[in-house]
Amino acid sequence: MKKKGKILLTTAIGLVLLIAVIAAALNAVFTVTDVKVRFSTLSDEGMADGYALQSELEQKFVGSSTTFLDLNDVREIVAKYPAFSLGELKKDFPRTLALSVTERKETYAFRPGEDGAFAVLDEEGLYLYQEEENANRRYGENVLLEGFSLTVGEAGTPVSGEYFAEALQFCKVFAENLDDVRANISAIRLTPTENAVEGDHFFRVFFREGVYADVYSPAHLTENKAMAVLDRYRSLTDAQRLYGFFDVVDSVDGGFTVSEHRDKLPF
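Residue numbering for the sequence shown follows numbering that gives the first Met the number 0, starting at 0 and increasing by one per position.
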């Protein structure tokens, strides 16, 4: 009986040792030795952020088990760089962690407080970070949002506020037709109206050359009005784009009208 028990104990120890050897062998084979990040950057700052992200990922994961690596840990590190959006993320067994990241397009800016700093947003309205100046990473300036009451959360999360979705929808029409909305629009000011028939607010859309457009009831037929503003803007001469304004006003039939270019302030 003792001999049988001794044999069973020896067998159990042998199995444990065998499992340990196999586990060690697998760990040696399935260990991260390479972190491959495919970057798509738009600016020098984006490239610098990319180098920093690559370094942090390598320090964290090279030498760790590919099998037991938690991809959520990778996501948490990428989230520390709000200028990037994460695309593909996978483990290429046996030794590679692979991912792709794209630099978000800085597009909008506004002042959330009285300290003068600008909150910078991407083209989808996600909050990225604060900057001391309204200077876009690629070139020029971001579209300045004025008069909006906007709520900012953590980096990488959507900004919210009354008429903000309509402002994004309006600008999207310009982005789709002119590639970069910043090339033509410098600011959008949400302004209270004095006439209840025209809605409670209107958009004053400032173009970089100097002309501006007043868009009344911006939540009504937003995309159609944006396209109409774009068409009127395109129809202006180079001289007309330097001054004056035109407006978009709802009509009694449920549509709207676009005025001709005028050289005097409406009020």
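Heads up, the beta-carbon is just placed ideally off N, CA and C, and yes, glycines get one too.
Classification of residue i by the beta-carbon crowding that lies within 10 angstroms, buried from 16 upward
i, result
"F117", "buried"
"P217", "buried"
"V251", "exposed"
"E102", "buried"
"L144", "buried"
"E75", "exposed"
"E70", "It is Leu, not Glu, that sits at residue 70 in the sequence shown. The residue is exposed, with fewer than 16 neighbouring Cβ atoms inside 10 Å."
"F67", "exposed"
"T106", "buried"
"G115", "exposed"
"A22", "Caution is warranted here: a pLDDT of 46 is assigned to A22, below 50, making its placement in the model unreliable, and no coordinate value can be reported."
"A24", "Here A24 scores only 45 on pLDDT, less than 50, and its place in the model should not be relied on; the value that follows carries that caveat. By the neighbour-count rule (16 or more Cβ atoms within 10 Å), A24 is not buried but exposed."
Nearest-angstrom beta carbon gap, residue j and residue i [assumed within contact, 8 Å]
i, j, result
"G139", "L149", "Not a contact, Cβ separation roughly 22 Å."
"L52", "R137", "Incorrect: roughly 19 Å between the Cβ atoms, too far for contact."
"I184", "V204", "6 Å"
"F206", "R240", "7 Å"
"T32", "V73", "Their Cβ separation, rounded to whole angstroms, is 16 Å, which puts T32 and V73 out of contact at 8 Å."
"G209", "Y242", "5 Å"
"E130", "V119", "6 Å"
"V257", "F245", "7 Å"
Residue i, enclosing beta strand (DSSP E) - first and last residue
i, result
"D48", "Per DSSP, D48 belongs to no beta strand (DSSP E); it is in the alpha helix (DSSP H), 43–60."
"S84", "83–91"
"D246", "244–249"
"E161", "First-last for E161: undefined, no H or E at that position."
"V142", "142–145"
"A186", "184–191"
"A212", "211–215"
"Y126", "126–130"
Option nearest residue i by Cα separation, candidates the options
i, options, result
"F38", "F255, S185, V100", "V100"
"V228", "L144, H260, S63", "H260"
"V80", "D178, Y126, A238, G115", "In the sequence on display, residue 80 carries Tyr and not Val. Nearest option by C-alpha distance: Y126."
"D230", "F173, L56, S84", "F173"
"A255", "D43, K224, F67, F244", "Before going on, a small fix: residue 255 reads as Phe here, not Ala. If we check each option's Cα against that of F255, K224 comes out closest."
"L85", "V257, V36, K171", "V36"
"F147", "D178, E165, L235, Y128", "E165"
"P157", "G124, D178, I187", "G124"
"K171", "F244, D121, K59", "D121"
Residue i versus residue j - alpha carbon distance
i, j, result
"L88", "T192", "49 Å"
"G253", "L220", "9 Å"
"P111", "V151", "8 Å"
"F201", "A108", "19 Å"
"T65", "V34", "11 Å"
"F92", "L189", "53 Å"
"D199", "N141", "26 Å"
"Y162", "T30", "51 Å"
"V247", "E222", "12 Å"
"G155", "A78", "7 Å"
"D43", "D237", "33 Å"
"L167", "K90", "36 Å"
"G249", "F169", "The sequence shown places Asp at residue 249, not Gly. About 16 Å."
"N176", "L98", "31 Å"
"T95", "E55", "15 Å"
"D277", "Y211", "A query on residue 277 cannot be resolved here, the shown segment of the chain reaching from 0 to 266 and no further."
"L113", "D179", "Looking at the sequence shown, residue 113 is not Leu but Glu. Approximately 29 Å between the Cα atoms of the pair."
"E153", "M46", "23 Å"
"D262", "L235", "12 Å"
"S63", "Y128", "32 Å"
Host alpha helix (DSSP H) of residue i (start-end)
i, result
"K35", "Counting along the chain, K35 falls outside any alpha helix (DSSP H), though it belongs to the beta strand (DSSP E) covering 33–39."
"R74", "70–78"
"R261", "Premise fails: R261 is in no alpha helix (DSSP H) and is neither H nor E."
"L229", "221–234"
Contact with chain D by residue i, beta-carbon distance below 9 Å
i, result
"Q129", "Judged by its chain identifiers, the structure shown contains no chain D, having just a single protein chain."
The ligand ZN heavy atom lying under 8 Å from the CB of residue i
i, result
"G49", "This structure lacks the ligand ZN; in fact it carries no ligand of any kind."
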